[in-house]
Amino acid sequence: MTSTLSPVWQHLVSRKGVLDLHVLRCLQKTGHLHHIRMHGSCFLNKIFQIYLIMQLSLLYFIHWQVATAIMVPDKPVSPPPPPPPSRETTASEAAKPGKRAKRWFPLESNPSVMQKYVLSLGLIPTFYKFTDVLCTEEWALEMVVPPVLALIFLYPIKPANEIFRQEEDARIKAHGQIVSPRLFFTKQTVGNACGTVGLLHALLNNKDKLEFREGSFLESFAERTQDKTPDERAVILEEDEGLDAAHGCAAADGQSQQVPMEEAINTHFVIFVEKDGYLYELDGRKNFPINHGKSSPETLLQDAMAVVRRVIAMDPQELKFTMVALSSAAGGQEEE
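Per our numbering, residue 228 is the first one in the sequence shown, and the count goes up by one each step.
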């Protein structure tokens, strides 16, 4: 059946921008237009009022839908991704942000790997060797045969110990500290070189108790850096191609699977040694050695362990702590 429009309807449909045929049919079906014979002007005003009311209702409905979509999304909002793991920041990276620093594969915290590595650098087998320290409890310390020349401590870099490092740096700069002029200290400018830097700190601060092979890297490095600053020593270390190759061999010698060189590593080696009656923490990432107070060759391990316990207490749930001591081989020489 074909529907026809009265002249009034046709007039309304022709008023572009005011009403359309669809709206009029809706109004007719809902009963709003049953007084079709009213005066033309009154009729038009009535229709226009109804049209405005409908348009305002439509706008309100659309606004409510949009607001609801914003406030209650179809899918749960995912939390922001966690920040990337912090990693070892070298002195060169801190001084020259944006510059790509030289990087090595990380060294494993393994006494056998360390022993083989230092022998390749020129250490003559003596009555000292690297040995695991199983934990911080007294029974574990008693298993380490004295005397102890150095304690190597591997710990995870966390926000808590990074904040403490910054506060410690500011405190020492403000108040100063005692540092023995005989203490060997070098900065670290090569990424993931903290294991090698730590071993050099352990060996070169005990030259009077150890022997280096003539013409070896250890003998040469000790002579070349004797009167240099920590920053100058770091440059010499970074530019030594022989050490670069030796570190690579040692890093590949461990039992752990090697991670990509550019991957963030969030563990770090530091060394504790005794020099002239004081315990020093040697960390190439720091601006200077840290004097931790009075100590002696006989109490070095216990004194260093007190510092280690404070670091562990910053994150007692963390398990990525390891310790290796350079200590007596109990009268037996290590075979090369």
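Using N, Cα and C, we set each Cβ at its ideal position, and we do this for glycine too.
Those residues which DSSP pairs with residue i across a bridge
i    : result
K521 : Y505
A377 : L553
I498 : I379 and L509
F439 : L350
G418 : R330
Cβ neighbours of residue i in the same chain (closer than 6 Å, five flanking residues each side left out)
i    : result
D530 : L506 and S522
H428 : I498 and L509
A478 : F332 and L334
G481 : E335, N337 and V340
G442 : none
L527 : V375 and E501
A533 : none
S483 : E335
Q485 : F332
R440 : G349 and I351
M577 : Only positions 228 to 563 of the chain appear in this structure, which leaves residue 577 out of reach.
A321 : For A321, the predicted structure reports a pLDDT of 45, less than 50, and the residue's modelled location is therefore unreliable. The matter cannot be settled from this model.
L361 : A367
Anticipated Cβ contact below 8 Å, residue i with residue j, distance rounded
i    : j    : result
T406 : F515 : The amino acid at residue 406 is misidentified as Thr; the sequence shows Val. Right, the Cβ-Cβ distance comes to about 7 Å (below 8 Å), so this counts as a contact.
H495 : A420 : That belief does not hold up - the Cβ atoms of H495 and A420 are roughly 11 Å apart, past 8 Å.
I351 : E446 : Not a contact, Cβ separation roughly 10 Å.
A328 : T416 : 7 Å
L378 : N433 : Their Cβ separation, rounded to whole angstroms, is 12 Å, which puts L378 and N433 out of contact at 8 Å.
P457 : T423 : About 15 Å; that fails the 8 Å criterion.
D396 : K513 : 7 Å
L553 : F357 : 6 Å
Q404 : N518 : 5 Å
Cβ shell of residue i (< 7 Å), same chain only, five flanking positions each side left out
i    : result
S336 : L381, T549 and V551
G325 : Caution applies to G325, whose pLDDT of 45 falls short of 50 and renders its modelled position unreliable; the model cannot decide the point.
D565 : No information on residue 565 is available, as it lies outside the stretch 228 to 563 that the chain covers here.
D614 : Limits of the chain in this structure are 228 at one end and 563 at the other, which puts residue 614 out of reach.
S555 : F354, Y355, V372, P373 and P374
P524 : P374 and E501
H262 : Here H262 scores only 44 on pLDDT, less than 50, and its place in the model should not be relied on; the value that follows carries that caveat. Once the five neighbours on either side are set aside, H262 has no close Cβ partner at all.
G425 : I379, F496, V497 and I498
R409 : K502 and D503
L430 : V345, L350, L437 and L445
K400 : none
Extent of the continuous beta strand (DSSP E) run through residue i
i    : result
D359 : Y355 to V360
First and last residue of the uninterrupted alpha helix (DSSP H) at residue i
i    : result
E446 : F444 to R451
A387 : P386 to H402
S538 : Looking at the sequence itself, residue 538 is Val, so the reference to Ser does not match. Per DSSP, V538 belongs to the alpha helix (DSSP H) from L527 to A540.
E364 : Premise fails: E364 is in no alpha helix (DSSP H) and is neither H nor E.
V371 : Unbroken run through V371: none, as it is neither H nor E.
G475 : E468 to A479
Own chain residues within Cβ distance below 8 Å of residue i, not counting five before or after
i    : result
D471 : W331
K455 : I463
G469 : F444
G520 : Y505, L506 and D530
R451 : I463
K547 : L381, Y382, P383 and T494
Distance cut-off 6 Å: residue i Cβ against heavy atoms of the ligand FAD
i    : result
P374 : Of the ligands one can find in the structure shown there are none, so the ligand FAD has no counterpart to examine.
Contact with chain D by residue i, beta-carbon distance below 7 Å
i    : result
V375 : Protein chain content of the structure displayed is limited to a single chain, and chain D is not contained in it.
Below 8 Å, can you find three or more Cβ-Cβ pairs linking the region 360-368 to the region 495-504? Judged by Cβ distances under 8 Å, the region 360-368 makes no contact with the region 495-504, as fewer than three pairs qualify.
Would you call the region 462-478 in contact with the region 383-396, where contact means no fewer than 3 C-beta pairs closer than 8 Å? Taking 8 Å as the limit for Cβ pairs, the verdict is that the region 383-396 does not touch the region 462-478.
Three-pair Cβ contact test at 8 Å for the region 341-355 versus the region 531-538: No: the two stretches stay apart, fewer than three of their Cβ pairs being nearer than 8 Å.
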